[in-house]
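Per this note's numbering, the very first residue in the sequence shown carries number -4; after that it's consecutive. All C-beta atoms in this analysis are idealised placements derived from N, C-alpha and C, irrespective of residue type, glycine included. Just so it is clear, the structure is predicted and the values come from calculations on it, not from any experiment. Working notes for the structure below.
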Amino acid sequence: MNPSDPTRRRFIVAAGATTAIAGFPNILRAQGESTAVLKIGLIGAGGRGTGAASQALTADPNVKLWAVGDAFGEQITSSLQNLANFGDRVDVPEARRFSGLDAYQKVIESGVDVVLLTTPPGFRPQHLRAAVEAGKHVFAEKPMAVDVAGVKSVLESARIAKEKNLTLQHGFCWRFSPNTREGYGKVLGGELGRVVSVYGTYMGAVPKPSTSIDQRKPEWADVEWQIRNWMAHEWLSGGPLLEQAIHTVDKIAWAMNDVAPIAARGGGGRAQRSDDGNVWDNYNVTFEYPDNTFCHIGQRQFLNAFSEVVDRVFCEKGTLEAPTRVMTKDPTGKPTWAFRGEATDMYQVCHNEWFAAIRKGQPLNAGEYMANSTMLGILAREAAHTGQRVTWDELWNAKQDLAPETLKMTDSFPTQMVPTPGKYALA
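What follows is the structure, given as structure tokens:
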């Protein structure tokens, strides 16, 4: 697809394809640190987008919010009201408030220097490609995609960003948490010996309850209804394992030094959900790594049930426990270290480091592990949905693309079937 065509959502660029390099950002042309005012474009004005805008404005005194885009105009109004405490640094008149599915293009073309991509992740690959081709620095919220085609597109976009000397920052927020960084540093530095297993959970309630089908307005076609209720639809959210528990998946990848696994197997289902979507609400998956190392993730979104978010990295000489209280223990369970530094907001650290890199002309680009962690989440989901042992290579060779062929608010696009293990197959 052509990123300038709002009726098509995704494309795969062949490896090694040539890309015109144009539009290098002026901020990186100057020697030394720049103090020029940077204009921010927000694409996706929900709660996470509003939070990201606040963190960006806090990170650097010489930035201003310049343009905002969202599928729905009411989201823009709400977001700007919540950012009013930044005063005239929020400089978004009506002329730079864009709604609709093509809003991302209008934000990118409005004269911004950096963009925040915080829409539902089904749109992330398309928006990322448009932003880097236009020469913009990018913050992309997790996950980076919802399917194989999207991950391949993200990798190509990361390559383009690197060639254009752009910064590409991400929302895998635990990698910016000072205590978690120090703990995982002990693992990756070899202090605890070889990793022998990882146990991670992400168990809680549904973060945003789905809207009941009886609240659907007659004028809302399938696509509009599903975007308004995006967490319930896999082509938009990727499902809860990918959209929410990707944090735990990413920490498994981190503990394993971002090396790809051999395969995954697992199960799950749809126990409590009763909406008209097609996502599951629970998963249990095991990743198989080289050297007989197995890593497990358990995820669920249940009401009136035990909640837990924990990471345990078992190593030859001890265990790392995170994220609530980051500490290590010896093989007998005796604590050997605990983080005692200052508690710092990991979301803010992310943006502080991003803008510092832009100012210094030292662009960050974590595109490979951004894509790797996203693909790891997709591998877990597909292993559970198929009921099969799915290898990393099989997934990379798949042609999976979950999105509609065309994408307009008025389009008909019936809800896809809930995957049934033994019947569902990886495309």
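In the DSSP assignment, A393 falls outside any beta strand (DSSP E) and carries neither an H nor an E. Taking a cut-off of 8 Å on C-beta distances, the segment 163 to 171 touches the segment 349 to 363, as three or more cross pairs fall below it. E229 sits close to N273, with the two beta carbons spaced by under 8 Å. Secondary structure note for A31: it is in no alpha helix (DSSP H), with a DSSP letter that is neither H nor E. Scanning A393, N347 and R320 for the CA closest to the CA of F171 turns up N347. In the three-state reduction of the DSSP assignment, K418 falls in the coil class, being assigned neither a helical nor a strand state. Taking 8 Å as the upper bound for CB-CB distance, T381 and A420 are in contact here, some 6 Å apart. Under the three-state reduction of DSSP, G261 is assigned to strand.
For A135, the enclosing beta strand (DSSP E) begins and ends at H132 to A135. In the DSSP annotation of this structure, F81 is not part of any alpha helix (DSSP H), being labelled neither H nor E. Within the segment 157 to 225, the complete beta strand (DSSP E) segments of 3 residues or longer fall at 163 to 165 and 190 to 199, listed in chain order. With a cutoff of 8 Å on beta-carbon distance, M404 and A216 are scored as near each other. Boundaries of the beta strand (DSSP E) around E303: E303 to C310.
D108 and L33 do touch by the CB rule: their CB atoms are close to 5 Å apart, below 8 Å. When the five nearest sequence neighbours on each side are left out, the beta carbons in the same chain lying within less than 8 Å of the beta carbon of R260 are those of V280, T281, E283, A378, Q383, R384 and V385, in order along the chain. Straight across, the Cα-Cα distance linking L397 with A48 is about 29 Å. The criterion of a C-beta distance shorter than 8 Å is satisfied by L237 and G372. For N277, the enclosing beta strand (DSSP E) stretches over residues N277 to Y284. The DSSP-derived three-state label of F297 is coil.
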